[in-house]
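Engineer: First residue of the sequence shown? That's 0 in numbering that gives the first Met the number 0, and the numbers climb one at a time after it. Here it is, the structure, as structure tokens.
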Amino acid sequence: MASPYRAIFAAPGTREFSAAGLVGRMPLSMMGIGVVTMISQLTGRYGLAGALAATLALSAAGMGPLISRLVDRHGQRRVLRPAALTAVTAVAGLLVCAQRSAPEWTLFVFAAGAGCVPSVGSMVRARWAEIYRGSPRELHAAYAWESIVDELCFIFGPIIAIGLSTAWFPESGPLLAALFLLVGVFWLTAQRATEPVPQSHEHHTGGTALRSPGLQVLVVTFVATGAIFGAVDVVTVAFAEERGNKTAASLVLAVYALGSCLAGAVFGLLHPRGSASRRWLVGVCAMAVSMIPLQLAGSLPILAVALFVAGLSIAPTMVTTMALVEAHVPRTKLTEGMTWTSTGLAVGVALGSSAGGWVVDASGARAGFAVPVVAGAVAALVALLGHRRLLERSTDGEGRGADDQYRYGRGDNEERDKHLA
């Protein structure tokens with residue numbers, strides 16, 4: 000482990016909660032693609048599969064910020080365990096209905112219930128933020144590490160979900176994802192020493208964290224970014240099936256995540272200077288441009304190479320996004336603020352997976368790769384138009400933004416929180 004990463008794990012309990020977060024986040028990469036694979040195996044309908052994945056993602060998008068707001072007020076343990084149990088129960092209902100060919104409306108009902116899943120990644124990042132508040136270099140490395148963990152989930156999650164559902168029985172991928180969620184959440188919430196202390200009710204003023212103009216830009220941009228991810232997942236599975244090797248889709252998607260993982264590991268070793276908002280803008284534009292070569296992919300190996308290159312811009316952009324969220328959201332709403340970015344991604348994944356499935360059903364997998372290209376263009380456009388809002392927080396005299404984050408001390412953060420609240 001490189002020195003910056005070794006340093007962040009010097010604090011007691013950090014290894015344990017990061018490991019629990021890894022387990023609890025596996026469903027992030029397994030559930031949606033597992034449902035797509037399961038339904039396509041059972042019915043052969045990618046439109047229905049994409050619509051169910053979209054329902055799951057939209058439900059998670061709606062419930063996620065609410066769950067995180069409750070966590071900020073009442074603590075992780077009291078909120079996450081009931082939420083996880085609710086989600087797992089709904090997943091069980093979805094699998095039973097799918098296996099028994101129940102009416103389609105029952106699938107959508109249980110898919111919506113399965114969206115009551117907590118944003119485990121936001122919970123872990125909130126713990127890092129509590130430990131290293133006022134230590135920007137360590138926090139940068141911690142956020143980079145968690146992006147690496149995210150990508151590890153996306154490297155192995157699709158392989159496990161698609162592999163199990165195609166080689167064992169169709170429902171096995173989502174089933175294992177639900178078990179990962181249950182184990183991860185209960186393991187994480189058992190670690191009380193590193194859990195952020197919930198703030199008293201009087202500190203929760205000013206309504207939702209989404210009132211921040213900077214956070215609004217990040218969330219809207221991430222809707223389009225999520226559409227890239229959702230469309231790539233669905234279209235890649237269809238592309239692999241058209242070429243007679245559906246199981247290989249998991250390996251191709253793993254290569255996509257591997258590119259992001261390697262880029263995130265390198266980015267965490269650096270000490271970025273200058274404007275975080277400009278780095279974020281460059282990252283979003285790079286993700287958009289990287290979708291164009293997918294149109295030229297005529298085989299699975301070429302698609303894998305194109306996705307590896309596309310993945311290089313993901314983790315650095317996500318790390319910078321977390322720094323921007325911390326800069327634009329008061330500490331009492333930090334978990335909620337981080338979850339809103341996940342919500343934007345979830346909404347985008349829903350839109351992208353649905354659009355990708357419809358295009359595949361209508362015109363084939365090659366045509367489906369037009370969906371992430373369009374989504375990337377929208378993300379870049381929104382980022383360009385809204386970029387000024389991220390800069391305004393840094394210069395409006397009310398507080399410092401992420402462009403100044405590397406000069407924060409503990410007292411500076413507390414003063415910023417007063418202004419933002």
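Glycine included, C-beta positions come from ideal geometry on N, C-alpha and C. Nothing here was measured: the structure is a model prediction, and the numbers come from that model.
Where does W357 fall in DSSP's three states?
Structural biologist: helix
Engineer: Is V348 near the ligand MG, with its Cβ less than 7 angstroms from a heavy atom?
Structural biologist: Only the bare structure without any ligand can be found here, which leaves the ligand MG out of the picture.
Engineer: Which one of A111, A82, L27, G33 has the shortest CA to CA distance from L55?
Structural biologist: A111
Engineer: Secondary structure at W144, three-state DSSP: helix, strand or coil?
Structural biologist: helix
Engineer: Among residues of its own chain, excluding the 5 on either side of G20, which ones have a beta-carbon nearer than 8 angstroms to its beta-carbon?
Structural biologist: If the five residues before and after G20 are omitted, its C-beta is found closer than 8 angstroms to the C-beta atoms of V119, G120, M122, V123, E145, V148, G183, L187, all from its own chain and listed in chain order.
Engineer: DSSP three-state label for G74, please.
Structural biologist: coil
Engineer: Between which two residues does the alpha helix (DSSP H) containing S211 stretch?
Structural biologist: S211 -> no alpha helix (DSSP H), and no H or E assigned at all.
Engineer: Cβ atoms of R388 and G225: under 8 angstroms apart, would you say?
Structural biologist: Not closer than 8 angstroms, so no.
Engineer: Roughly how many angstroms lie between the CA atoms of S353 and L178, to the nearest whole one?
Structural biologist: 26 angstroms
Engineer: Could you check if W127 is buried or exposed, using at least 16 other CB atoms within 10 Å of its CB as the buried criterion?
Structural biologist: Around the beta-carbon of W127, 16 or more other beta-carbon atoms lie within 10 Å, marking it buried.
Engineer: With DSSP run on the structure shown, which of helix, strand or coil describes C115?
Structural biologist: coil
Engineer: Alpha carbons only, please: which of V108, L93, G114 is nearest the one belonging to A83?
Structural biologist: G114
Engineer: Can you have a look at F238 and say buried or exposed, based on whether 16 or more other CB atoms are within 10 angstroms of its CB?
Structural biologist: buried
Engineer: Terminal residues of the continuous alpha helix (DSSP H) containing H327?
Structural biologist: 313–327
Engineer: Check whether the Cβ atoms of F368 and A314 lie closer than 8 angstroms to each other.
Structural biologist: Taking 8 angstroms as the Cβ cut-off, F368 and A314 do not qualify as a contacting pair.
Engineer: Under the rule that 16 or more other beta-carbon atoms within 10 Å means buried, what is L383, buried or exposed?
Structural biologist: exposed
Engineer: DSSP state of R132, grouped into three classes?
Structural biologist: Under the three-state reduction of DSSP output, R132 falls in the coil class, being neither helix nor strand.
Engineer: Specify the secondary structure class of H270 as computed by DSSP and reduced to three states.
Structural biologist: coil
Engineer: How about A97 and M37: are their beta carbons less than 8 angstroms apart?
Structural biologist: yes
Engineer: Does the distance from the CB of V87 to the CB of L180 come in under 8 angstroms?
Structural biologist: yes
Engineer: Answer with buried or exposed for I7, where buried requires no fewer than 16 other C-beta atoms within 10 angstroms of its C-beta.
Structural biologist: buried
Engineer: With E170 and L69 assumed to form a contact (beta carbons below 8 angstroms), what rounded beta-carbon distance in angstroms separates them?
Structural biologist: The C-beta distance from E170 to L69 rounds to 31 angstroms, too long to fall under 8 angstroms, and the pair is not in contact.
Engineer: Going by alpha carbons, who is nearest to E33 out of G63, A248, P157?
Structural biologist: Rather than Glu, the amino acid found at residue 33 in this sequence is Gly. Of the candidates G63, A248, P157, the one whose C-alpha sits nearest the C-alpha of G33 is P157.
Engineer: Less than 7 angstroms between C-beta atoms, sequence neighbours within five positions excluded: which residues of the same chain meet that for G282?
Structural biologist: S312, P315, T316, T319
Engineer: Helix, strand or coil for Q190, going by three-state DSSP, please let me know.
Structural biologist: coil
Engineer: Using only alpha-carbon positions, find the residue among I154, A247, S67 that is nearest to T165.
Structural biologist: Of I154, A247, S67, the residue nearest in Cα terms is A247.
Engineer: From G43 to L295, what does the alpha carbon distance come to, in whole angstroms?
Structural biologist: 26 angstroms
Engineer: For S298, name the three-state secondary structure that DSSP assigns.
Structural biologist: DSSP places S298 outside both helix and strand once states are collapsed to three, so it counts as coil.
Engineer: Kindly provide the ranges of any alpha helix (DSSP H) runs that are 4 or more residues long and lie completely inside the region 14–91, ordered along the chain.
Structural biologist: 45–73
Engineer: Does the distance from the CB of F185 to the CB of R80 come in under 8 angstroms?
Structural biologist: yes
Engineer: Do G23 and A143 have their C-beta atoms closer together than 8 angstroms?
Structural biologist: no
Engineer: Are the Cβ atoms of G343 and P371 separated by less than 8 angstroms?
Structural biologist: no
Engineer: Which word fits G133, buried or exposed, when buried means at least 16 other C-beta atoms lie within 10 angstroms of its C-beta?
Structural biologist: exposed
Engineer: Measure the beta-carbon distance from M30 to A189 and round it to whole angstroms, keeping in mind my assumption that it falls under 8 angstroms.
Structural biologist: Cβ-Cβ separation between M30 and A189: approximately 23 angstroms, too far for a contact (criterion under 8 angstroms).
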